[in-house]
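This report concerns only the one structure given below.
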Amino acid sequence: LFAHLPRHHEVDVAGVVARGTAAALPLPAIQLGLTLAQGSLRGANARCIAMLDVFRQVVLEFRSAGGREFARELNPLLNSVISFLVFCRPLSVSMGAAIKHVKAAVEKLKLEPSAKERLLGVISSFVQEKILFAGDHLAGEAAKRIQSDDVVLTYGYSSVVAAVLLRAAAAGTPFAVVVADARPLLEGRRMLRALLAARVPAQYVALNGLSFVLPRVTKVLLGAGAVLSNGAVLARAGSAAVAMAASAAHVPVLVAAETYKFHERVQLDSITHNELGDPDLLVEMPGGEKAWLEGWREQEGLGLLSLMYDTMPAQFVSMVITEVGAIPPTSVPVILREQRADGNMA
Amino acid sequence: RQRKVETSLDAAKGTAELLRQLVTSSRLSDPQSLLDEVKRVGLTLQAAQPTELVIGNIARRVLHIIREEVEADEEGQDEDLEVDHAQKESAPAMGGLSRAFRLSGGHGPATKLDASRHQDSPKKKSQPVTFWARKQEVIDGVNDLIEELKDIDSSIANQAVEHIHANEVILTFGYSRTVLQFLKRAREKRFFQAVVAEAAPTYEGQRMARELAALGIQTTAISDSAIYAMMARVNKVVVTAHALLADGGIMAPIGMHLVAMAAKHHAVPFVVLVGIYKLTPLFAHEPGLNFNELKSPASILPYNDEALLAADSSSCLDAESGLEFDVDDSVSTSHPYLQVHNPSFDYVPPALISLFITDQGHGFMPSYVYRQLYEWYHKSDW
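Here the protein sequences line up with chains Y and G, keeping their order.
For the first sequence, UniProt numbering begins at 1 and goes up steadily by one.
For the second sequence, UniProt numbering begins at 1 and goes up steadily by one.
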């Protein structure tokens with residue numbers, strides 16, 4: 001069923017060294033790769049920013065041999081960094097967008113003495129404009145949509161959603177949050193921590209208990225890994241179920257995403273594009289209960305599957321909130337078209 | 001009450017055997033007081049475990065059997081029959097009853113009844129012959145019921161081959177002996193794959209995955225978060241229910257509503273395997289029905305979780321209770337405290353269910369459930 005998706009594999013220092021190309025890779029790249037592989041760094045924005053930081057360091061350290069095109073020398077290095085990161089963990093759509101942007105800039109900067117500085121500028125402005133400022137502006141706009149006595153449901157952890165909720169809390173609006181969470185990642189606990197620290201009344205429930213809490217929820221706010229051209233939203237596995245249930249209960253579903261996460265591809269279901277996570281994370285049982293799946297590899301016919309993402313169709317999404325405004329999911333191609341036009345003109 | 005009885009089937013068997021004991025050892029009385037006795041015992045048992053609806057179901061089945069016998073024997077009921085007051089079956093005797101319940105028809109109630117018999121003011125009993133016949137029929141009826149309970153899983157499994165076809169991907173949720181037997185029987189004739197969702201917070205699905213694989217079925221275990229995603233490649237959902245409600249909906253382990261919705265969205269048939277003893281004349285939102293059981297929040301969020309510890313230090317939680325477990329419907333927006341919900345059951349409306357397969361030898365639609373109630377229960381017992 002999942003032959004088209006790369007299998008999950010263990011990545012550790014020994015494996016990296018054994019790969020042989022490690023010597024040529026800059027240290028920050030190796031560090032990031034291992035961090036990503038272990039899952040300590042997750043989230044579209046976080047991974048993208050970390051990757052761009054590695055690029056920044058790579059460019060900074062880069063010594064051109066002089067006389068040749070900047071692009072021709074830098075590209076192989078950049079490519080080897082990227083392919084190593086891919087080896088450690090498949091790229092997110094956000095990372096892909098950043099790479100596309102940086103590579104386009106590299107192409108344009110030919111034999112310029114200030115090419116390095118210019119490129120560093122491009123990288124830093126991407127982070128500043130597309131991620132940080134966009135997120136900040138988005139948070140402000142979205143926070144306005146949270147009204148007094150709202151009960152906002154969210155799922156797992158999203159840096160964007162956290163920013164929105166904390167902004168609304170800081171504005172003094174009285175509201176409560178329900179955090180739904182699921183295994184194996186249990187990222188919702190991170191959201192819970194952030195909310196409790198900000199003294200926002202919170203409820204915590206397992207994803208399965210969604211139908212139990214939904215009657216008390218007034219709106220749903222979700223983050224996204226990517227927003228696709230057909231209005232579908234790619235997000236952490238389990239988000240689609242939240243959107244589905246909310247939509248069936250006529251609760252508005254708001255997806256908060258910066259425009260750099262928009263992508264031209266279309267996706268009809270959650271299987272065509274996905275990522276296989278570490279199956280062994282499912283084996284561990286909380287509270288020392290019996291782990292039935294221990295030693296699952298030895299059992300003939302038994303397999304474990306951990307999907308990282310799922311895709312909710314546009315019909316479940318009421319509104320996508322971006323830094324350029326709130327749009328219905330059907331208007332995503334419009335934004336993409338404008339982005340393409342901007343790219344051509346720059 | 002002590003939850004020593006594990007599954008619904010055991011509860012049903014225990015109740016049936018207890019009631020048989022009751023009917024057998026009850027002294028000659030008019031059927032109305034026998035009905036009252038059975039009803040009283042049934043209510044007491046049900047109160048001990050309010051979410052175990054099969055207790056009430058079995059009691060109603062026995063009442064139905066008795067009423068049928070009464071109707072079959074209209075004439076010849078004498079008013080001078082001895083009345084065996086049922087106050088012995090009340091609270092003080094509960095100990096004896098629950099002991100018997102656990103031992104599946106031990107000597108508890110018999111000895112209690114024996115003792116009470118001596119205390120009874122002796123009334124003249126008359127017409128013993130006709131009532132004996134009726135009572136024996138009642139006992140036979142209850143015996144049939146007990147036999148029926150023994151064969152639930154295999155009767156349901158008999159229909160497996162009709163419903164599971166070659167190379168299908170079957171999704172199931174959590175652990176169920178019934179589904180296990182069903183798929184095992186299908187495996188004898190067909191090759192198919194199974195996907196099992198682990199079903200938090202019990203994670204019984206993991207055990208199901210293991211046992212299915214051991215039966216030679218290609219099984220994939222997934223977490224609940226992947227159910228929606230996987231549904232795009234599933235051909236059929238086969239699950240069981242805790243209770244079959246009067247409107248054709250079901251009471252099922254928490255999370256089942258999401259499974260049913262995902263199946264509906266992807267146009268995947270949602271098939272529920274259920275023994276007819278689980279059919280209850282109650283609706284989900286009846287005032288008397290205690291629909292849900294809220295368990296300890298620790299299964300969802302452990303007491304030593306970082307989030308709680310951090311919150312505690314920033315004095316967000318109520319100082320006295322630490323972790324507040326609140327069943328309140330309203331959400332307070334001004335009180336900074338943490339609520340953790342851990343409900344046990346979900347309601348799945350009939351519109352999301354494609355088919356019920358029962359031990360009575362055929363499948364039927366949720367819309368037919370209401371008619372089934374007339375077959376198994378008497379209207380006055382609903």
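Cβ coordinates follow ideal geometry from the N, Cα and C atoms, glycine included.
_Could you pull the DSSP bridge partners for Q193/G from this structure?_
As a working note, residue 193/G is residue 193 in the second sequence. Paired residues: V169/G, Q218/G.
*When we look at the beta-carbon of K236/G and count the other beta-carbons within 10 Å, is it buried (16 or more) or exposed?*
The count along the second sequence starts at 1 and reaches residue 236/G at position 236. Its Cβ being crowded by 16 or more others within 10 Å, K236/G is buried.
_Contact set for L120/Y: own chain, Cβ-Cβ below 8 Å, skip 5 residues either direction_ = Your numbering for residue 120/Y matches position 120 in the first sequence. Cβ contact annotation for L120/Y (same chain, cutoff 8 Å, sequence separation greater than five): R56, V59, L60, in chain order.
_Please report whether the beta-carbon of H257/G lies at a distance below 8 Å from any beta-carbon of chain Y._
Position 257 of the second sequence, counted from the first residue, corresponds to residue 257/G. Yes, H257/G lies at the interface with chain Y (some Cβ there is under 8 Å from its Cβ).
*Along the beta strand (DSSP E) that carries A202/Y, what are the first and last residues, could you check?*
Here residue 202/Y is taken as the residue at index 202 of the first sequence, counted from 1. First-last of the beta strand (DSSP E) with A202/Y: 202 to 206.
*Where L171/G meets chain Y, residues with beta-carbon distance less than 8 Å*: The residue given as residue 171/G occupies position 171 in the second sequence. The premise fails here: L171/G is roughly 12 Å from chain Y at the closest Cβ pair, so nothing lies under 8 Å.
*Looking at the unbroken beta strand (DSSP E) that takes in G303/Y, where does it start and where does it end?*
The residue given as residue 303/Y occupies position 303 in the first sequence. In this chain, the beta strand (DSSP E) harbouring G303/Y covers 302 to 305.
_Cβ distance (whole Å) where L207/Y is taken to contact T154/Y below 8 Å_ = Residue numbering aside, residue 207/Y sits at position 207 when the first sequence is read from its first letter. Residue numbering aside, residue 154/Y sits at position 154 when the first sequence is read from its first letter. Their Cβ separation, rounded to whole angstroms, is 12 Å, which puts L207/Y and T154/Y out of contact at 8 Å.
_chain G within 8 Å of E187/Y, Cβ atoms only_ = Translated into the one-based positions of the first sequence, residue 187/Y becomes position 187. Using a Cβ-Cβ cut-off of 8 Å, E187/Y does not count as an interface residue toward chain G, since no Cβ of chain G sits closer than that to its own.
*In chain Y, what lies closer than 7 Å to M251/G by C-beta?*
As a first step, residue 251/G is located in the second sequence; it is residue number 251 there, counting from the start. Neighbours of M251/G on chain Y: none; closest Cβ ~12 Å, over 7 Å.
*Can you check DSSP and say which residues form a bridge with T154/Y?*
Against the first sequence, residue 154/Y aligns to sequence position 154. T154/Y is bridged to V179/Y.
*Taking R371/G as part of the beta strand (DSSP E), name the residues at either end of that continuous run.*
Indexing the second sequence from 1 puts residue 371/G at position 371. DSSP places R371/G outside any beta strand (DSSP E); the residue lies instead in the alpha helix (DSSP H), whose first and last residues are 369 to 376.
*Please classify R337/Y: is it buried, with 16 or more other beta-carbons within 10 angstroms of its beta-carbon, or exposed?*
On the first sequence, residue 337/Y is found 337 positions in, with the first residue counted as 1. An exposed status is given to R337/Y, since fewer than 16 other beta-carbon atoms sit within 10 Å of its beta-carbon.
*Per DSSP, what kind of secondary structure is I164/G in: helix, strand or coil?*
Reading the second sequence from its first residue, position 164 is the one you call residue 164/G. Three-state result, I164/G: coil.
_Proximity winner among I99/Y, L254/Y, S114/Y, E298/Y, relative to residue 348/Y (alpha-carbon distances)_ = For residue 348/Y there is no data in the structure shown, the boundaries of chain Y being 1 and 346.
*asked:* Assuming G216/G and R187/G are in contact, meaning their beta carbons sit under 8 Å apart, how far apart are those beta carbons, in whole angstroms?
replied: Reading the second sequence from its first residue, position 216 is the one you call residue 216/G. Reading the second sequence from its first residue, position 187 is the one you call residue 187/G. Contact holds; Cβ gap of about 6 Å.
*Since P201/G meets chain B, which of its residues come closer than 8 Å, beta carbon to beta carbon?*
Of the chains in the structure shown, none is chain B; the protein chains are Y and G.
*Buried or exposed: where does L268/Y fall if 16 or more other Cβ atoms within 10 Å of its Cβ makes it buried?*
As a working mapping, residue 268/Y is identified with position 268 in the first sequence. It counts as exposed.
_Residue from Q299/Y, D310/Y, V266/Y, E275/Y with nearest C-alpha to A232/G_ = The count along the second sequence starts at 1 and reaches residue 232/G at position 232. Checking every option, the nearest Cα to that of A232/G belongs to D310/Y.
*With a Cβ-Cβ cutoff of 8 Å, do T172/G and A194/G count as a contact?*
Here the question's residue 172/G lines up with position 172 in the second sequence. Here the question's residue 194/G lines up with position 194 in the second sequence. In this structure, T172/G sits near A194/G, with a CB-CB distance shorter than 8 Å.
_Less than 8 Å between the C-beta atoms of V317/Y and V253/Y, yes or no?_
Here residue 317/Y refers to the residue found at position 317 of the first sequence. Here residue 253/Y refers to the residue found at position 253 of the first sequence. Contact check for V317/Y against V253/Y passes: the beta carbons are separated by less than 8 Å.
*Counting only beta-carbon atoms, is I271/Y nearer than 8 Å to chain G?*
Indexing the first sequence from 1 puts residue 271/Y at position 271. Under the Cβ distance rule, I271/Y counts among the residues neighbouring chain G, one pair being separated by less than 8 Å.
*According to the Cβ coordinates, are V41/G and L9/G closer than 8 Å?*
Along the second sequence, read from residue 1 onward, the residue named residue 41/G stands at position 41. Along the second sequence, read from residue 1 onward, the residue named residue 9/G stands at position 9. No, the pair does not count as a contact, with Cβ atoms beyond the cut-off.
*Around the Cβ of V327/G, are there at least 16 other Cβ atoms within 10 angstroms (buried) or fewer (exposed)?*
Residue mapping note: residue 327/G aligns to position 327 of the second sequence, counting from 1. Model confidence at V327/G stands at a pLDDT of 36, short of 50, so the residue's coordinates are unreliable; what they give is reported in the following sentence. The residue in question, V327/G, is exposed, as its Cβ has fewer than 16 Cβ neighbours within 10 Å.
*Just how far apart, CA to CA, sit residue 389/Y and A163/Y?*
Since the displayed chain Y opens at 1 and closes at 346, residue 389/Y lies outside it and no answer follows.
*asked:* Which residue marks the beginning of the alpha helix (DSSP H) containing T272/Y, and which one marks its end?
replied: Against the first sequence, residue 272/Y aligns to sequence position 272. Where T272/Y is concerned, there is no enclosing alpha helix (DSSP H), given that its DSSP letter is neither H nor E.
*Counting pairs of beta carbons, one from the region 190 to 209 of chain Y and one from the region 287 to 297 of chain Y, are three or more of them closer than 8 Å?*
Verdict: no, contact absent.
*Candidates A44/Y, G33/Y, A24/Y: closest to E10/Y by CA position*: What you label residue 10/Y is simply residue 10 of the first sequence in a count that begins at 1. For E10/Y, the nearest C-alpha among the options comes from G33/Y.
*How is G363/G classed by DSSP in three states: helix, strand or coil?*
Here the question's residue 363/G lines up with position 363 in the second sequence. Assignment of G363/G by DSSP, reduced to helix, strand and coil, places it in the strand class.
*If V233/Y and M312/Y are in contact, beta carbons under 8 Å, what's the gap, nearest whole angstrom?*
Position 233 of the first sequence, counting from 1, holds the residue named residue 233/Y. Position 312 of the first sequence, counting from 1, holds the residue named residue 312/Y. Between M312/Y and V233/Y the Cβ distance is about 5 Å, and since that is below 8 Å, they are a contact.
*Report, in whole angstroms, the separation of the C-beta atoms of P184/Y and S367/G, which I expect to be a contact under 8 Å.*
Mapped onto the first sequence, residue 184/Y falls at position 184. Mapped onto the second sequence, residue 367/G falls at position 367. Not confirmed; about 40 Å, so no contact.
_Here's the rule I'm using: 16 or more other beta-carbon atoms within 10 Å means buried, otherwise exposed. How should N167/G be labelled?_
The residue you call residue 167/G lines up with position 167 of the second sequence. So N167/G ends up on the exposed side.
*A160/G: contacting residues in chain Y (beta-carbon distance under 9 Å)*: Taking the first residue of the second sequence as 1, we reach residue 160/G at position 160. Simply none; closest approach about 18 Å.
*Collapsed DSSP secondary structure at T240/G in the structure displayed*: On the second sequence, residue 240/G is found 240 positions in, with the first residue counted as 1. Under the three-state reduction of DSSP output, T240/G falls in the strand class.
*Which residues in the same chain as A198/Y place their Cβ atom closer than 7 Å to its Cβ, once the five residues preceding and following it in sequence are excluded?*
By 1-based counting over the first sequence, the position of residue 198/Y is 198. Counting only Cβ-Cβ distances below 7 Å, and skipping sequence neighbours, we find L166, A169.
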